[in-house]
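Working notes, beginning with the structure itself.
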Amino acid sequence: METLLEQIESGKLWQFPGGIHPPEQKAQSNQHPISRLPLPEKLILPLKQHIGANGSLLVNVGDHVLKGQALTAPGTNWSLPVHAPTSGVVEAITPMPSAHPSAIPELSIILRPDGADKWIELTPIRDISSLDNAQLIEIIHQAGIAGMGGAGFPTYVKADSPKPIEFLVINGVECEPYITADDRLMRDHAQQIVSGIEVLQQILKPQKILFGIEDNKPEAIAAVSAAAKHNQDILVRSIPTKYPSGGEKQLVKLLTSKEVPSTGIPADIGVLVQNVGTLFAIWQAVFEGKPLIERVVTVTGNTISQPNNVWALLGTEIKHLLDSQGFSPVDAQRVVMGGPMMGFTLPSVRIPVVKTTNCILAPDNKELAIPGEEKACIRCSACADACPQSLLPQQLQWFAKGKEYEKLEEYNLFDCIECGACSYVCPSEIPLVQYYRVAKADIREQKLEQVKAERAKERFEARKARLEREQEERQNKHKRRSPSSPAKAAEQEKVQEALARVKDKQSDKSAVQAAIARAKAKRGENGELEPDNSAIMQEREKRKAQARKYKEAKTEQVSSVDQKDAVAAAIARAKAKKAAAQEQVSSDQAPEDKKTAVAAAIARAKAKKAAKQAEEANDNTAEPSEAVQSTDDVADPRKAAVAAAIARAKAKKAAKQAEEANDNTVEPSEAVQSTDDVADPRKAAVAAAIARAKAKKAAKQAEEANDNTVEPSEAVQSTDDVADPRKAAVAAAIARAKAKKAAKQAEEANDKTLESSEAVQSTDDVADPRKAAVAAAIARAKAKKAAKQAEDTNDNTLEPSEAVQSTDDVADPRKAAVAAAIARAKAKKAAKQAEDTNDNTLEPSEAVQSTDDVADPRKAAVAAAIARAKAKKAAKQAEEANDSTVEPLEEQQSTDTEQAQLDTQTPEARKKAAVKAAIAKAKAKKQAKEQEGNEPS
1 METLLEQIES
11 GKLWQFPGGI
21 HPPEQKAQSN
31 QHPISRLPLP
41 EKLILPLKQH
51 IGANGSLLVN
61 VGDHVLKGQA
71 LTAPGTNWSL
81 PVHAPTSGVV
91 EAITPMPSAH
101 PSAIPELSII
111 LRPDGADKWI
121 ELTPIRDISS
131 LDNAQLIEII
141 HQAGIAGMGG
151 AGFPTYVKAD
161 SPKPIEFLVI
171 NGVECEPYIT
181 ADDRLMRDHA
191 QQIVSGIEVL
201 QQILKPQKIL
211 FGIEDNKPEA
221 IAAVSAAAKH
231 NQDILVRSIP
241 TKYPSGGEKQ
251 LVKLLTSKEV
261 PSTGIPADIG
271 VLVQNVGTLF
281 AIWQAVFEGK
291 PLIERVVTVT
301 GNTISQPNNV
311 WALLGTEIKH
321 LLDSQGFSPV
331 DAQRVVMGGP
341 MMGFTLPSVR
351 IPVVKTTNCI
361 LAPDNKELAI
371 PGEEKACIRC
381 SACADACPQS
391 LLPQQLQWFA
401 KGKEYEKLEE
411 YNLFDCIECG
421 ACSYVCPSEI
431 PLVQYYRVAK
441 ADIREQKLEQ
451 VKAERAKERF
461 EARKARLERE
471 QEERQNKHKR
481 RSPSSPAKAA
491 EQEKVQEALA
501 RVKDKQSDKS
511 AVQAAIARAK
521 AKRGENGELE
531 PDNSAIMQER
541 EKRKAQARKY
551 KEAKTEQVSS
561 VDQKDAVAAA
571 IARAKAKKAA
581 AQEQVSSDQA
591 PEDKKTAVAA
601 AIARAKAKKA
611 AKQAEEANDN
621 TAEPSEAVQS
631 TDDVADPRKA
641 AVAAAIARAK
651 AKKAAKQAEE
661 ANDNTVEPSE
671 AVQSTDDVAD
681 PRKAAVAAAI
691 ARAKAKKAAK
701 QAEEANDNTV
711 EPSEAVQSTD
721 DVADPRKAAV
731 AAAIARAKAK
741 KAAKQAEEAN
751 DKTLESSEAV
761 QSTDDVADPR
771 KAAVAAAIAR
781 AKAKKAAKQA
791 EDTNDNTLEP
801 SEAVQSTDDV
811 ADPRKAAVAA
821 AIARAKAKKA
831 AKQAEDTNDN
841 TLEPSEAVQS
851 TDDVADPRKA
861 AVAAAIARAK
871 AKKAAKQAEE
881 ANDSTVEPLE
891 EQQSTDTEQA
901 QLDTQTPEAR
911 KKAAVKAAIA
921 KAKAKKQAKE
931 QEGNEPS
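Residue numbers (the UniProt record's numbering): 1 to 937.
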């Protein structure tokens, strides 16, 4: 079996899929040799005439340039220089319309020819074998040669292929209708073309050079075959005429049977393709030293009177070419750059000739009909059959219209060579190629943006890495410097220690005294040398001082914390008391409006009755909780004894009432308010515990103080040293003042309940008349107890609000002792009652009312009679004292001091006190009997 090379050498050709046979229309322009045009008035030279980047400008406006002088310097990214096609002056450098369907302006140099057409100094190469590949490639590069078959790819890039080239394919097919530029070039300059092939042969060293020419160009085939006869590696092949056999991939398939991969290039399979026009430019650059400043252009069409191929200087306006060939425009004239299949209509004839311009077609309307209106696709598949790349033009058109760019790339849009075969055969006249071109441009722009974004990201990451590297270097630099830092730190530490030692020496004794002390310390008592421990002692003293400071700071901190805790605890207790009071008040509310009204009525009745009693007693009503008892000087000891006996009997009676009624206990030293009907058992238990504690404390104080009952809440004892009638008058005045104040308060409180700040009244839920009578008897019970206390000559009465104690002048010390014993017994009994009853005891602020559930109205009447008797007695004492008033004494001496005063009184004074006490008891007894007769039983 023959190898591929053997098959190629034997002249075998292969076929590519698809393809069409449009009318050739080549005979119009290939009948005459290539002609030259006169110099145009100006030349417009775009800086970019190829695939790649622009070069950098080498000239400025106003510069005079020579023919062949470089106007730009090539840079990177496939950049090519632009040369002056003739000598002249740079008139302007400005954007001008480009040779593109959109005519997008591109930066261009406008050159005004001077007519001299003077060349720069040329450096031709006579023997290429003396040059290496790099030198040859550089000559091609500096000559500005690009692919002249239509793509415009830089030739030096192709020539410097990194991959080995097996076959060098020369494209002389020129399959596009109307175009004959390559045909005439091969006819007229076949030898130069072969010389250009030999330059590439030296660079690429391919196995074979395959020169493909369509069979409709026999003159060209003959000319090239004759020129290449001496070179056995050049194989001229005549291929069948079919469009687009001149395509790069199609020609490779025809001559080598190799297929270029999708999105690949021929170099990937070891093949390199060059156009005949490019080879002629290489010959000029190497062997004549001329850059690419002109090319062969076919000017043809029915509107051209002299169609022909011309040497057109790059930058010549299309209008100049048309005018030179006898252009006669028609209505709706179109001028096409390129052929009818792959060319595009120019928006203006002021567009310049560039390196990729091979044909200017100026047809009339019959020669090249105006495309009709686009119709819907009929799915005939003619486009798919004609496609030489085996694509699906219909699918690509749908995706292009929908701008589905990912789908377009998936269906290999960029494999399309834009040959126009699909559009040519489409019966619906759909401009398929136009859709593809627009879609390609959009995709390229999108990718360019992505590339820019990637580059920006790379720059950002590079900058970030650089900053991190610099930061790391700075840190390392500091670390490298760090070994010297400990030495400096040690030096500074030594300096600080020296300064500290100097300060310590200054704070101590003088240097002389210190030296003397050290000398003494060194030598003991025997004159022997002793170790110097002064430094150690100083360090020890410093540590002790630091310990003391730390201890003081800690103590201050603890004290501040304790103070704050105490304040917080006090606030908490206050809030708790307030909440308890609110709950107590709310719990004392009557469950029904009827009960509340009954309780209020009872309170008003009690207030009115108290006011009436005060008026009858000459406006001297003493409240049981504030009654100040003044002891009259009784002249007769017998009467004093009688009074003491009466007091004891009343005390027993009061104790019996407390046991029978199980009421709230009223202590002798203070009147405690008891709240009935406590809704919360827990609160009731707490209140009962408080009452028991207070009662025990009162009993203990009574025993220790011998006649002094101390109140737990305030315990303020008022001691009246009554040594004569003048002191008794003072006590009476105090009693009258308090009685008047109580009467006034009773009148103002007709429709009010007494608050706990002055007189706290306990509101009982009264459900029947019996409870109402009980509530009314509360005041009388308290009055009875107060009277009993007054009759006991040595019993000290303490009020809750002011605790003013009035001391009676007892005529006999023995009787005083008896009275004190009675008082102590009463206190113990009251404490026992408080423990047994477990009632709620509430301590008011000044005057506390105790609510006793009195079962017997007769006992209540007795208590009320005692209160009235006491009030009359106080009034009589006030009259006898000549209305002498003094301010009340609060914080008096204790009961022991009072007893001592009683012992020092004269017998006459004691006799007077006994007489007064007897009179008071008689009046009280009489008043009680009257009250018993008046009160209902």
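We put the CB at the ideal spot given by N, CA and C, even for glycine.
In this text the structure is predicted, and so the values were computed from the model without any measurement.
Under the Cβ criterion (8 Å, minimum of three pairs), the region 355 to 365 does not count as touching the region 396 to 406. Around the beta carbon of Asn171, 16 or more other beta carbons lie within 10 angstroms, which makes this residue buried.
Measuring C-alpha to C-alpha distances from Lys253 to each of Val236, Gly212, Gly277 identifies Gly212 as the nearest.
Collapsing the DSSP output to three states places Arg237 in a strand. The beta carbon of Leu136 sits closer than 8 Å to the beta carbons of Ile128, Ala159, Val199, Gln202, Ile203, Val286 from its chain, once the five residues preceding and following it are set aside; these are given in chain order. With contacts defined as CB atoms closer than 7 Å, Asp114 and Ser87 qualify as a contacting pair. Secondary structure in the region 92 to 155: the beta strand (DSSP E) runs of 3 residues or longer, each lying completely within the stretch, are 105 to 113 in chain order. Taking the Cα positions, Asp323 is about 19 Å away from Gly339. Annotated as distal: Thr3 and Ile179, with beta-carbon spacing of 7 Å or more.
Collapsing the DSSP output to three states places Ala376 in coil.
The beta carbon of Phe460 sits closer than 6 Å to none of the beta carbons in its chain outside the five residues before and after it. Cβ contact annotation for Val224 (same chain, cutoff 8 Å, sequence separation greater than five): Gly172, Met186, Ala190, Ile193, Val194, Phe211, Ile213, Val236, in chain order. Annotation for Lys249: Val260 place their beta carbon closer than 6 Å to its own, counting only its chain and skipping 5 residues before and after. Apart from sequence neighbours up to five positions away, the residues of its chain that approach Asn54 with a beta-carbon distance below 6 Å are Leu47, Lys48, ordered along the chain. Bounds of any alpha helix (DSSP H) do not take in Val299; it lies within the beta strand (DSSP E) bounded by 294 to 300.
Under the three-state reduction of DSSP, His64 is assigned to strand. Assignment of Phe414 by DSSP, reduced to helix, strand and coil, places it in the helix class.
DSSP places Ala228 in the coil class of the three-state scheme, outside both helix and strand. When DSSP states are grouped into helix, strand and coil, Trp14 belongs to the coil group. Comparing C-alpha distances from Gly343 to each of Pro427, Arg437, Ile378, Ser390 shows the shortest one belongs to Arg437. Setting aside the 5 residues that flank it on each side, Ile104 is surrounded in the same chain by Pro97, Ser98, each with a C-beta closer than 8 Å to its C-beta; the list follows chain order. Here the C-alpha atom of Gln232 lies approximately 35 Å from the C-alpha atom of Cys416. Looking at the DSSP output, Gly212 sits in a beta bridge with Asn171, Arg237. Where Gln395 is concerned, the enclosing alpha helix (DSSP H) starts and stops at 393 to 401. A contact is defined here as three or more CB-CB pairs under 8 Å, and the region 148 to 165 meets this definition with respect to the region 270 to 290.
Leu122 sits exposed, since fewer than 16 C-beta atoms from the chains shown fall within 10 Å of its C-beta. Taking one beta carbon from each stretch, the region 424 to 435 and the region 403 to 411 have fewer than 3 pairs nearer than 8 Å; the two do not touch.
In the pairwise beta carbon analysis, the region 26 to 40 is classified as touching the region 304 to 312: at least three pairs are separated by under 8 Å. In this model, Asp117 and Arg466 are separated by some 55 Å (Cα to Cα).
For Trp311, there is no enclosing alpha helix (DSSP H); the enclosing beta strand (DSSP E) covers residues 308 to 313.
Taken in chain order, the whole beta strand (DSSP E) runs of length 3 or more contained in the region 334 to 384 are 359 to 361. In the same chain as Pro393, and ignoring 5 residues on each side of it, the C-beta atoms closer than 7 Å to its own belong to Cys383, Ala384, Cys387, Cys422, Leu432, in chain order. Per DSSP, Ile197 is one residue of the alpha helix (DSSP H) stretching across 190 to 204. If you ignore the 5 residues before and after Phe16, its C-beta comes within less than 6 Å of the C-beta of Gln250, Lys253, Pro388, all in its own chain and listed in chain order. For Val276, the closest of Thr345, Gly196, Thr256 by C-alpha to C-alpha distance is Gly196. CA-to-CA, the gap between Ala490 and Ala500 works out to about 15 Å.
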